[in-house]
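What follows is a set of notes on a single structure, which appears directly below.
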Amino acid sequence: MEQVSLATKTPSNVITCKAAVAWTANAPLSIEEVQVDPPKAGEVRIKITSAGICGTDNHILEGKNKVPLPAILGHEGAGIVESVGQGVTTLKPGDKVLMLPLPECRECVYCLHPKGNFCKKENILSPTGLMLDGTSRFTCRGKKIYHLYGTSTFTEYTVADEIALAKIDDAAPMDKVCVLGCEVPTGFGAVFNTAQVTPGSTCVVFGLGGIGSAIVMACKASGASRIIGVDINEQKFPRARALGVTDCLNPNKLKKPVQEVVMEMTGIGADFAFEAIGLIETMVAALKSCVMSYGVCVIIGVAPSGSQLSFDPAELLPGRTLKSSVMGGYKTRDGIPKLVTDYLQKKINTDVLITHKLPFEKVNEAFKLLREGNWLENQGGNP
Ligand code: NAD
Ligand code: ZN
876 MEQVSLATKT PSNVITCKAA VAWTANAPLS IEEVQVDPPK AGEVRIKITS
926 AGICGTDNHI LEGKNKVPLP AILGHEGAGI VESVGQGVTT LKPGDKVLML
976 PLPECRECVY CLHPKGNFCK KENILSPTGL MLDGTSRFTC RGKKIYHLYG
1026 TSTFTEYTVA DEIALAKIDD AAPMDKVCVL GCEVPTGFGA VFNTAQVTPG
1076 STCVVFGLGG IGSAIVMACK ASGASRIIGV DINEQKFPRA RALGVTDCLN
1126 PNKLKKPVQE VVMEMTGIGA DFAFEAIGLI ETMVAALKSC VMSYGVCVII
1176 GVAPSGSQLS FDPAELLPGR TLKSSVMGGY KTRDGIPKLV TDYLQKKINT
1226 DVLITHKLPF EKVNEAFKLL REGNWLENQG GNP
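Take the sequence shown: its position 290, counted from the start at 1, is 1165 in my numbering, and no numbers get skipped.
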C-alpha cells in the first residue's frame, strides 16, 4: 500500500538516470541506474553536462578521506537547471550553473564577514552526505545513496541546494568552464586571495597536478620572477614549464631533503610556498622552504582524515606565516560567476588545465589517468 501511494504521488517527478556509485572505498565506481527525487523547497534539480575529477575525489575513493558511503561522488560540475523547488528565486529551468562544494548562504557569520567564505550551511570538514534538510535525493537498487558535499556530479541528474549553485553566463561553454567550479578558484584564490603573491617574488609549488598548475598560472600572472615546481612525476614538468615554472625538482632524485635544495637555490628560501598534494611530509617541507623571516606558506592539499601536522614551532617564530584556504577563499556564489565572465572575456585562459575529455561511462578510466598523471600523450586530444 505504502509503495503504491508513493508511486502515485510523484511518478513523473522522479528521474531515473545513470550515475557512478561508490559503494565502498578502494573499488571502482559502478555505473548504475539511480532514481533522483524532485527538488524540495530551496532545492534545484540539475542535468549535469560536464564534470571534472579533483584530487579530493581520488582521496575519497582511495579511502583516505572519509565521507558517508555509498555515495555519488564528484564535486566539480557544470549543468543546466531542470526544475526548481518551492521558494527558489535566483534560478529557473534552463539556467546554466556551476556546482559549489562550498555554498554561500549570504546569511551566516562567515558569509557576512568581508574576509570569510567558509559558509556554515555545509560543513565539508564532517560531511553528512545529505541535503540541508537531512535527507538524500538519490536511491539505487532500493537503497539510499549519499550526496557528496551537497554536489554529486558523477550522475546525469543531481539535486543541490540553491545556495550551492552559481548561476553563470548563458554563453559559457560548459565543458570548458567546468574547471572553474573547483580547480581554478582553489588554485587562483590561494595565490591572489590567501598568499597575495607580489611581483618579483620567488614561489615554490609542491604538486603540479590540476590545483598546482592553476597555482603556477596565478603566480605567473602575479608577476613572480621565479617559480620552482616540485613533483615526483616528471611527466608533469613540460606543462608546468609551459605555464611558468622556471625550475623543476623531483624529490625522489635529490640527495637532500627538497626544502634544503630550495634554500640553496634561493639563498634564503621562497617568498611564497604552496602545498597542493595533501601529504603531511610535503606540507612541512613547503613550510620549511619559505623564507624564515617573512615567508608565507599556504596549504591547499587535503591530508588523510585524522592526520596531525607536526613541526617545531620555532619554524614559525622568526616570522613565517602558515595559512590555508578552501576554494581559494572566494565567496563562491559571488566570485565564481566573475571568473566565468573573465574566461569569456579572454582575461584568463584555463583550457590548458583540461587534459582529457572522456564519456561519462569511462569515469573509472579518468581516475586511472589522474593517478598515473599520464597526460602528455593526449595533450589537446579528445579521446
Ligand atoms: P592531482 O592528483 O591532480 O595532483 C597531485 C600532484 O601531486 C600530482 O601531480 C602528483 O604526482 C603529485 N605528488 C604526489 N605525491 C607527491 C610527493 N610525495 N611529492 C611531490 N609531488 C607529489 O590532485 P589535485 O586535484 O591537484 O589536488 C591536489 C590537492 O588539493 C589534493 O590534496 C586535494 O584534496 C586538494 N584540494 C583542496 C581544495 C581546497 O579547497 N583547499 C580544493 C580541491 C582540492
Ligand atoms: Zn554562509
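For each residue, glycine too, the CB sits at the ideal point set by N, CA and C.
Residue i to residue j, Cα distance in whole Å?
i	j	result
residue 1207	residue 1035	15 Å
residue 974	residue 1191	37 Å
residue 1256	residue 1184	In this prediction, residue 1256 scores a pLDDT of 31, lower than 50, which makes its location untrustworthy; the coordinate-derived value is nonetheless stated afterwards. If you take the alpha carbons of residue 1256 and residue 1184, they lie about 40 Å apart.
residue 1111	residue 1246	12 Å
residue 969	residue 913	16 Å
residue 1136	residue 1073	23 Å
residue 944	residue 1016	15 Å
residue 1027	residue 950	6 Å
residue 991	residue 1199	12 Å
residue 978	residue 1155	27 Å
residue 1041	residue 1211	7 Å
residue 1116	residue 1123	8 Å
residue 1069	residue 1060	11 Å
residue 873	residue 1083	Because residue 873 is not part of the residues shown, which for the chain are 876 to 1258, the question remains open.
residue 901	residue 1049	30 Å
residue 983	residue 925	30 Å
residue 1006	residue 1025	6 Å
residue 1176	residue 1085	11 Å
residue 1219	residue 1213	10 Å
residue 988	residue 994	10 Å
residue 960	residue 917	6 Å
Could you check if residue i is buried or exposed, using at least 16 other CB atoms within 10 Å of its CB as the buried criterion?
i	result
residue 1134	buried
residue 962	exposed
residue 1075	exposed
residue 1088	buried
residue 1056	buried
residue 1186	exposed
residue 1001	exposed
residue 1033	buried
residue 1146	buried
residue 1037	buried
residue 932	buried
residue 971	buried
residue 1195	buried
residue 1062	buried
Here's a check: name, in chain order, each residue in its chain whose Cβ is nearer than 7 Å to the Cβ of residue i, leaving out the five neighbours to either side.
i	result
residue 1102	1078, 1080, 1091, 1094, 1095, 1119, 1120 and 1121
residue 1144	1137, 1138, 1164, 1165, 1166, 1167 and 1170
residue 1240	1233
residue 1066	1072, 1090, 1093, 1094 and 1097
residue 899	944
residue 1244	1231
residue 1058	927, 929, 951, 1085, 1086, 1089 and 1228
Quick one: residues in its chain with C-beta nearer than 6 Å to the C-beta of residue i, no 5 flanking neighbours on either side, listed in chain order?
i	result
residue 1100	1075
residue 895	904, 906, 1029 and 1238
residue 1179	939
residue 1148	1079, 1161, 1164, 1165 and 1172
residue 1215	1043, 1044, 1047, 1052 and 1055
Please identify the residue among the options whose C-alpha is closest to the C-alpha of residue i.
i	options	result
residue 1046	1237, 1147, 1221 and 1148	1221
residue 967	979, 981, 930 and 922	922
residue 1113	929, 976, 1024 and 1248	1248
residue 1128	892, 1024, 1107 and 1142	1107
residue 1181	888, 924 and 941	941
residue 986	1204, 899 and 1228	1204
residue 1011	1159, 1231, 1196 and 920	920
residue 1231	915, 928 and 898	928
residue 954	1039, 1202, 937 and 1158	1039
residue 999	1202, 952, 1244 and 1109	1202
residue 915	1008, 976, 981 and 890	1008
residue 935	1023, 952, 960 and 1131	1023
residue 976	964, 956 and 1003	1003
residue 1014	980, 946, 957 and 1197	946
Excluding sequence positions up to five away, which residues of its chain have a Cβ less than 8 Å from the Cβ of residue i?
i	result
residue 892	908, 909, 911, 1030, 1031 and 1032
Report yes or no: is there a C-beta of chain C within less than 8 Å of the C-beta of residue i?
i	result
residue 933	Of the protein chains in this structure there is only one, and it is not chain C.
Pick out the complete alpha helix (DSSP H) segments inside the segment 1169–1250, 4 residues or longer, and give them in chain order. Listed in chain order, they are 1207–1219 and 1238–1247.
Enumerated in chain order, which unbroken segments of the alpha helix (DSSP H) with a length of 4 residues or greater are wholly contained in the segment 939–1016? Entirely contained in the segment 939–1016, the alpha helix (DSSP H) runs reaching 4 residues are, in chain order, 984–987.
Those runs of the alpha helix (DSSP H) which lie wholly inside the segment 1096–1175 and span at least 4 residues: Fully enclosed alpha helix (DSSP H) runs of 4 or longer: 1112–1118, 1133–1141 and 1155–1164.
Enumerate, from N- to C-terminal direction, the unbroken alpha helix (DSSP H) stretches of 4 or more residues contained entirely within the segment 911–940. Scanning the segment 911–940 from its first residue to its last, the whole alpha helix (DSSP H) runs of 4-plus residues come out as 930–936.
Ignoring anything shorter than 3 residues or poking outside the segment 1016–1059, list the beta strand (DSSP E) runs there in chain order. Counting whole runs of 3 or more residues, the segment 1016–1059 contains the beta strand (DSSP E) stretches 1018–1020, 1032–1036 and 1040–1042.
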